[in-house]
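Notes follow the structure.
Protein chains: 2
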Amino acid sequence: MEIERARRDYEELRGKGLKLDLTRGKPSSAQLDLSAELLRLPGETHTAADGSDTRNYGGLQGLAELRALFSGVLQVPAGQLIVGGNSSLALMHDSIVYCLLGVPVGGERRWADEERVAFLCPVPGYDRHFALCERFGIELIPVPMTPEGPDMDEVERLVAADAGIKGIWCVPKYSNPDGVSYSAQTVARLAAMPTAAPDFRIFWDNAYAVHHLTDHPAEIADVLALAAEAGNPDRVFVYGSTSKVTLAGSGVSLFGSSPANVAWFLGFLGKGTIGADKVNQLRHVMFLRDEDGLRAHMLKHAELIRPKFEAVDRILSKELGGTGLATWSSPAGGYFISLEVPDGCAKEVVRKAAEAGIALTPAGATHPYGNDPADRTIRIAPTYPDLDELEVAISGLATCVRLVGAEKLG
Amino acid sequence: MEIERARRDYEELRGKGLKLDLTRGKPSSAQLDLSAELLRLPGETHTAADGSDTRNYGGLQGLAELRALFSGVLQVPAGQLIVGGNSSLALMHDSIVYCLLGVPVGGERRWADEERVAFLCPVPGYDRHFALCERFGIELIPVPMTPEGPDMDEVERLVAADAGIKGIWCVPKYSNPDGVSYSAQTVARLAAMPTAAPDFRIFWDNAYAVHHLTDHPAEIADVLALAAEAGNPDRVFVYGSTSKVTLAGSGVSLFGSSPANVAWFLGFLGKGTIGADKVNQLRHVMFLRDEDGLRAHMLKHAELIRPKFEAVDRILSKELGGTGLATWSSPAGGYFISLEVPDGCAKEVVRKAAEAGIALTPAGATHPYGNDPADRTIRIAPTYPDLDELEVAISGLATCVRLVGAEKLG
Numbered sequence: 006m007e008i009e010r011a012r013r014d015y016e017e018l019r020g021k022g023l024k025l026d027l028t029r030g031k032p033s034s035a036q037l038d039l040s041a042e043l044l045r046l047p048g049e050t051h052t053a054a055d056g057s058d059t060r061n062y063g064g065l066q067g068l069a070e071l072r073a074l075f076s077g078v079l080q081v082p083a084g085q086l087i088v089g090g091n092s093s094l095a096l097m098h099d100s101i102v103y104c105l106l107g108v109p110v111g112g113e114r115r116w117a118d119e120e121r122v123a124f125l126c127p128v129p130g131y132d133r134h135f136a137l138c139e140r141f142g143i144e145l146i147p148v149p150m151t152p153e154g155p156d157m158d159e160v161e162r163l164v165a166a167d168a169g170i171k172g173i174w175c176v177p178k179y180s181n182p183d184g185v186s187y188s189a190q191t192v193a194r195l196a197a198m199p200t201a202a203p204d205f206r207i208f209w210d211n212a213y214a215v216h217h218l219t220d221h222p223a224e225i226a227d228v229l230a231l232a233a234e235a236g237n238p239d240r241v242f243v244y245g246s247t248s249k250v251t252l253a254g255s256g257v258s259l260f261g262s263s264p265a266n267v268a269w270f271l272g273f274l275g276k277g278t279i280g281a282d283k284v285n286q287l288r289h290v291m292f293l294r295d296e297d298g299l300r301a302h303m304l305k306h307a308e309l310i311r312p313k314f315e316a317v318d319r320i321l322s323k324e325l326g327g328t329g330l331a332t333w334s335s336p337a338g339g340y341f342i343s344l345e346v347p348d349g350c351a352k353e354v355v356r357k358a359a360e361a362g363i364a365l366t367p368a369g370a371t372h373p374y375g376n377d378p379a380d381r382t383i384r385i386a387p388t389y390p391d392l393d394e395l396e397v398a399i400s401g402l403a404t405c406v407r408l409v410g411a412e413k414l415g
Numbered sequence: 006m007e008i009e010r011a012r013r014d015y016e017e018l019r020g021k022g023l024k025l026d027l028t029r030g031k032p033s034s035a036q037l038d039l040s041a042e043l044l045r046l047p048g049e050t051h052t053a054a055d056g057s058d059t060r061n062y063g064g065l066q067g068l069a070e071l072r073a074l075f076s077g078v079l080q081v082p083a084g085q086l087i088v089g090g091n092s093s094l095a096l097m098h099d100s101i102v103y104c105l106l107g108v109p110v111g112g113e114r115r116w117a118d119e120e121r122v123a124f125l126c127p128v129p130g131y132d133r134h135f136a137l138c139e140r141f142g143i144e145l146i147p148v149p150m151t152p153e154g155p156d157m158d159e160v161e162r163l164v165a166a167d168a169g170i171k172g173i174w175c176v177p178k179y180s181n182p183d184g185v186s187y188s189a190q191t192v193a194r195l196a197a198m199p200t201a202a203p204d205f206r207i208f209w210d211n212a213y214a215v216h217h218l219t220d221h222p223a224e225i226a227d228v229l230a231l232a233a234e235a236g237n238p239d240r241v242f243v244y245g246s247t248s249k250v251t252l253a254g255s256g257v258s259l260f261g262s263s264p265a266n267v268a269w270f271l272g273f274l275g276k277g278t279i280g281a282d283k284v285n286q287l288r289h290v291m292f293l294r295d296e297d298g299l300r301a302h303m304l305k306h307a308e309l310i311r312p313k314f315e316a317v318d319r320i321l322s323k324e325l326g327g328t329g330l331a332t333w334s335s336p337a338g339g340y341f342i343s344l345e346v347p348d349g350c351a352k353e354v355v356r357k358a359a360e361a362g363i364a365l366t367p368a369g370a371t372h373p374y375g376n377d378p379a380d381r382t383i384r385i386a387p388t389y390p391d392l393d394e395l396e397v398a399i400s401g402l403a404t405c406v407r408l409v410g411a412e413k414l415g
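Those protein sequence lines, which keep their order, are chains V and E.
Residue 6 is where the first sequence starts when you use this note's numbering, and the numbers rise one by one after that.
Residue 6 is where the second sequence starts when you use this note's numbering, and the numbers rise one by one after that.
Take a look at the structure:
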């Protein structure tokens, strides 16, 4: 009997006393070692390209040479980029705060004074996006993902009808967690769609802009240009960071948008800081040098990460292929694999895995309010563990899926 | 005639074609050079005292060893400190945002939902404090400074009567700009005074906690302990930073408060970031080492700054002493000297100085809404220019005071 074999395998798994962690999308130590040079930089120099002293106050928008370096990959003119601190999440937080406490460009009032503010959340999606909105009382409305990005029929229908919908979360390239890259048509429709809210914003979290795993990097359409062409120049807030390029806790972040939005953002930013850490910006410019340097650096990451993604795919195929118990994504970049188990099984799989010492992101975390109505999506973060640990963990996870599947369906 | 001599001197000054800047409290290059070692740190290591990897995500509260290092000088238990990014102003900004968009500990509703939110502003004070409040629609109410701190009779009267008054800005040691350190009695009264608002907050910007210029460092009373003793444990938000200890643009900042407030603050902070730059925190621990290391480092700053403060005092005494045209502070620490000219003269002095190529902080900047009703306070920031430039600038400023004084009064 399949269920007996699954029970035996699970008991054996529990007996191993594992302590493995697949919860968060953290780079491994080996990946961080790729940026070891940063820990000794800038060394003897401290001067920016414009001759200013990076050690002192000032430079609210950030070093021009760093903005130029990321202009191409983020598809934002350098003059329309702002360099933030070590966290793009903080820039998203600040954007929401500024919209709540100040009137957005094109808006009629502060979001704090609106009857209701809601955001569309393509699901599965990123739990920190959802948590940020929840903290500030913003309502979360899930919309399904498709292989081309959010279900645009649904998105268009909702934003056209409801002026309370003020934004949508997008991870357009190698999305978190299912690795989807938005099609050109999806991007064009997002940029051009009529919205009932005059101050509707696309939160374009291009977190994995350069995080390719294959020789055929995904390309996404230029959302800022498309929005401007469609007469919606101020619709898009673009975010990026080097958290998964250099050092996860000590990188630099970027915000990009229309000239009007950049001026609006700087107007708030300048009240809360005299400028971000420019020495760290200089450090990054010296280390990455230019777009070619950035590309070469990301190839080294891919060499470390690719075997892990391949191992997950290989083990899941071997242990779950043809069972009808699971499907999973095989992303061409990014940090996550999305595992879909039969409806009503995800929570129980995660619980059983935890009992066997394998920590996974809580089931439901990929959905607003932690509620995956079908209870079927599990996010796998394969980058942090060593390869052999990862293999043990994924094999164990597959055992849990087989057991829960057999118990629930068999 | 005095006025003719003053006119002659001013024309001569204008003829020099100066271009000097006394506007902002920036450290000089020589001061920044004191921290040159930071630019090569952490070097080979990246491990915090608890064994965690500072390069990766996490550590929302900041490195324990850095919090321990600043616990004594900020008079906050290390467990009640949070390390932020490079700007304590950003922590003040965030505190206000969290109060506006979340219910403060002990409060009844979000400040954004209050009819009216006002802050007391001891004047002269720090323009960036005022600008931050203004940006978020918080009303500013000036209260006069005395040689012991804010006029406490006035403060007590206002906060007891008006539940709309939610906060007060305090720079308790070597205050910006007049260098006053609060007396023990002032601190005790602030900690204990009855307030109509249940969620009244003291914004305790201890920016110059270790920035002594003499051998007799000012000591201020422990406001957090006094507030707790008085039954107001959650009244005080404490801020500090190394912006004027290490690198102005690349230091670390700290927030301290009661355990309840720290938990409240972390609850918001954790939605907007996974943690501040821990490599920079490690860098600072390695460089400053401990409180003795910090003290020794600050002595080097004092050696560079003291001659500048002495020069200002010497030149003003020589050129304006006994004229009845000016008084000025002789602070024992901090970054500023406050120059008081006859009523109605400050704007004109600053205008004339600017025409002669000497840039000063705009007259009025030391007051809410940029409005110094008596038009008499000028803030002098002597640290950034070289000593010889500073001497020329102060001498020129004195010339402007003599001219305006003679024109207006004579």
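Cβ atoms here follow ideal geometry from the backbone N, Cα and C, with glycine treated the same way.
* To do: Answer yes or no: do V/Asn181 and V/Tyr131 have a C-beta to C-beta separation smaller than 7 Å?
  => Working through the first sequence from its first residue, we reach residue 181 of chain V at position 176. Working through the first sequence from its first residue, we reach residue 131 of chain V at position 126. Yes, these two residues count as a Cβ contact at 7 Å.
* Among E/Asp183, E/Arg240, E/Tyr179, E/Asp220, the one whose alpha carbon lies nearest that of E/Ala193 -> Indexing the second sequence from 1 puts residue 193 of chain E at position 188. Among E/Asp183, E/Arg240, E/Tyr179, E/Asp220, the Cα nearest to that of E/Ala193 belongs to E/Arg240.
* Short CB-CB distance (under 7 Å) between V/Gly48 and chain E -> If you number the first sequence from 1, residue 48 of chain V lands on position 43. Closer than 7 Å to some Cβ of chain E, the Cβ of V/Gly48 qualifies, so yes.
* **Distance between E/Val354 and E/Cys405 (C-alpha atoms, nearest Å)** => Here residue 405 of chain E corresponds to residue number 400 of the second sequence, with the count starting at 1. Here residue 354 of chain E corresponds to residue number 349 of the second sequence, with the count starting at 1. One C-alpha to the other measures close to 6 Å.
* To do: May I ask you to list the residues that DSSP assigns as paired with V/Ile87?
  => Counting from 1 along the first sequence, the entry for residue 87 of chain V is found at position 82. Its beta-bridge partners are V/Phe260.
* Helix, strand or coil: which one does DSSP assign to E/Ser100? -> Along the second sequence, read from residue 1 onward, the residue named residue 100 of chain E stands at position 95. Helix, per DSSP.
* Asked: Is it the case that the Cβ atoms of V/Gly339 and V/Gly184 are separated by a distance below 7 Å?
  -> Taking the first residue of the first sequence as 1, we reach residue 339 of chain V at position 334. Taking the first residue of the first sequence as 1, we reach residue 184 of chain V at position 179. A contact, by the Cβ cut-off of 7 Å.
* So, is the C-beta of E/Gly277 closer than 7 Å to a C-beta in chain V? -> As a first step, residue 277 of chain E is located in the second sequence; it is residue number 272 there, counting from the start. Yes - at least one Cβ of chain V is within 7 Å of the one on E/Gly277.
* Identify each residue in the segment 55-84 of chain V for which the Cβ-Cβ distance to at least one residue of chain E is less than 9 Å, and report them in chain order. => Asp58, Thr59, Arg60, Asn61, Tyr62, Gly63, Gly64
* **Whole-angstrom C-beta distance between E/Ala196 and E/Ala235, which should lie under 8 Å** => Here residue 235 of chain E refers to the residue found at position 230 of the second sequence. Here residue 196 of chain E refers to the residue found at position 191 of the second sequence. Indeed they touch by this definition, with Cβ atoms about 5 Å apart.
* Asked: Comparing the C-beta of V/Val284 with each C-beta of chain E, is any distance below 7 Å?
  -> The residue given as residue 284 of chain V occupies position 279 in the first sequence. Closer than 7 Å: yes.
* Which parts of the segment 208-248 of chain V are runs of the alpha helix (DSSP H), unbroken and 4 residues or longer, counting only runs that do not cross its ends? -> 228-234
* E/Phe273 versus V/Asp55 - alpha carbon distance -> The residue you call residue 273 of chain E lines up with position 268 of the second sequence. The residue you call residue 55 of chain V lines up with position 50 of the first sequence. Roughly 37 Å separates the two Cα atoms.
* Asked: Closer than 7 Å, CB to CB, is E/Phe242 near chain V or not?
  -> If you number the second sequence from 1, residue 242 of chain E lands on position 237. With 7 Å as the cut-off, E/Phe242 does not count as an interface residue toward chain V.
* Who are E/Val128's beta bridge partners in DSSP? -> Here residue 128 of chain E is taken as the residue at index 123 of the second sequence, counted from 1. For E/Val128, which the question treats as bridged, DSSP gives the partners E/Pro149.
* To do: For V/Arg384, decide whether its Cβ has a neighbour in chain E, counting only Cβ atoms nearer than 7 Å.
  => As a position in the first sequence, residue 384 of chain V is number 379, starting the count at 1. With 7 Å as the cut-off, V/Arg384 does not count as an interface residue toward chain E.
* Asked: In terms of residue numbering, what span does the alpha helix (DSSP H) encompassing V/Ser76 cover?
  -> Looking up residue 76 of chain V in the first sequence gives position 71. Taken as a continuous stretch (DSSP letters only), the alpha helix (DSSP H) holding V/Ser76 covers 69-79.
* To do: Give a yes or no on whether the minimum CB-CB distance between V/Val108 and chain E is below 7 Å.
  => For the purposes of this step, residue 108 of chain V is identified with residue 103 of the first sequence, where counting begins at 1. Taking 7 Å as the CB threshold, V/Val108 stays off the interface with chain E.
* To do: Name, please, each residue of chain V whose Cβ falls closer than 7 Å to the Cβ of E/Gly245.
  => Residue 245 of chain E sits at position 240 when you count from the first residue of the second sequence. In chain order: nothing, as chain V lies at least about 16 Å away.
* **Closest Cα partner of V/Ala230 within the set V/Gln80, V/Ala35, V/Gln66** => In the first sequence, the residue the question calls residue 230 of chain V occupies position 225. The shortest C-alpha to C-alpha distance from V/Ala230 to any of V/Gln80, V/Ala35, V/Gln66 is the one to V/Gln80.
* **Contacts around V/Thr105, its chain only, beta-carbon distance under 7 Å, and the 5 residues preceding and following it disregarded** => Numbered from 1 along the first sequence, position 100 holds the residue referred to as residue 105 of chain V. At residue 105 of chain V the sequence reads Leu, which differs from the Thr that was named. Cβ neighbours of V/Leu105 beyond the five flanking positions: Arg115, Trp116, Ala117, Phe141.
* Asked: Going straight from the alpha carbon of V/Val346 to that of V/Thr388, what length do you get?
  -> Indexing the first sequence from 1 puts residue 346 of chain V at position 341. Indexing the first sequence from 1 puts residue 388 of chain V at position 383. One C-alpha to the other measures close to 21 Å.
* Taking all protein chains shown into account, decide if V/Arg162 is buried (16 or more other Cβ within 10 angstroms of its Cβ) or exposed. => The residue labelled residue 162 of chain V in the question sits at position 157 within the first sequence. So V/Arg162 counts as exposed.
* Inter-residue Cα distance where the pair is V/Leu330 and V/Arg319 -> Numbered from its first residue, the first sequence carries residue 330 of chain V at position 325. Numbered from its first residue, the first sequence carries residue 319 of chain V at position 314. Going by the C-alpha atoms only, they are around 16 Å apart.
* Asked: Between V/Pro32 and V/Val250, what straight-line distance do the alpha-carbon atoms span, to the nearest angstrom?
  -> Reading the first sequence from its first residue, position 27 is the one you call residue 32 of chain V. Reading the first sequence from its first residue, position 245 is the one you call residue 250 of chain V. C-alpha separation (whole angstroms): 9 Å.
* Give every residue of the same chain whose Cβ lies closer than 8 Å to the Cβ of E/Leu145, excluding the five residues on either side of it in the sequence, and list them in chain order. => By one-based count along the second sequence, residue 145 of chain E stands at place 140. So the qualifying residues of the chain are Ala123, Phe124, Cys126, Phe135, Cys138, Glu139, Pro373, Tyr374.
* **Delimiting residues of the beta strand (DSSP E) encompassing V/Ser343** => Sequence index remark: in the first sequence, residue 343 of chain V carries index 338 (1-based). Start and end: 342-345.
* **Backbone secondary structure at E/Ala364 - three-state DSSP** => Reading the second sequence from its first residue, position 359 is the one you call residue 364 of chain E. It is a strand residue.
* To do: Please decide whether E/Ala95 counts as near chain V, where near means a Cβ-Cβ distance under 7 Å.
  => Counted from its first residue, the second sequence places residue 95 of chain E at position 90. Judged by the 7 Å Cβ criterion, E/Ala95 is in contact with chain V.
* So, do the segment 263-273 of chain V and the segment 27-46 of chain V have three or more beta carbon pairs nearer to each other than 8 Å? -> no
* Asked: Leaving out the 5 sequence neighbours to the left and right, which residues in its chain are closer than 7 Å to V/Trp209 when beta-carbon positions are compared?
  -> Sequence index remark: in the first sequence, residue 209 of chain V carries index 204 (1-based). If we look at V/Trp209 and ignore the five residues flanking it on each side, its Cβ neighbours are Cys175, Pro177, Val228, Val241, Phe242, Val243, Tyr244.
* Put E/Lys171 into one of helix, strand or coil per three-state DSSP. => Translated into the one-based positions of the second sequence, residue 171 of chain E becomes position 166. Looking at E/Lys171 - three-state DSSP - the assignment turns out to be strand.
* With 7 Å as the threshold, decide whether the Cβ of V/Leu252 is near any Cβ in chain E. => Here residue 252 of chain V refers to the residue found at position 247 when the first sequence is read from its first residue. Closer than 7 Å to some Cβ of chain E, the Cβ of V/Leu252 qualifies, so yes.
* Asked: Mind checking whether the beta-carbon of E/Ile383 lies closer than 6 Å to any heavy atom of the ligand SAM?
  -> The model depicted lacks the ligand SAM and carries no ligand whatsoever.
* Pairwise C-alpha distance: V/Pro147 and V/Thr382 -> Within the first sequence, residue 382 of chain V is the residue found at index 377, counting from 1. Within the first sequence, residue 147 of chain V is the residue found at index 142, counting from 1. Distance between the alpha carbons of V/Thr382 and V/Pro147: 14 Å.
* Taking the Cβ atom as the reference point for each residue, do E/Ala386 and E/Arg29 lie within a distance shorter than 7 Å? -> As a position in the second sequence, residue 386 of chain E is number 381, starting the count at 1. As a position in the second sequence, residue 29 of chain E is number 24, starting the count at 1. Taking 7 Å as the Cβ cut-off, E/Ala386 and E/Arg29 qualify as a contacting pair.
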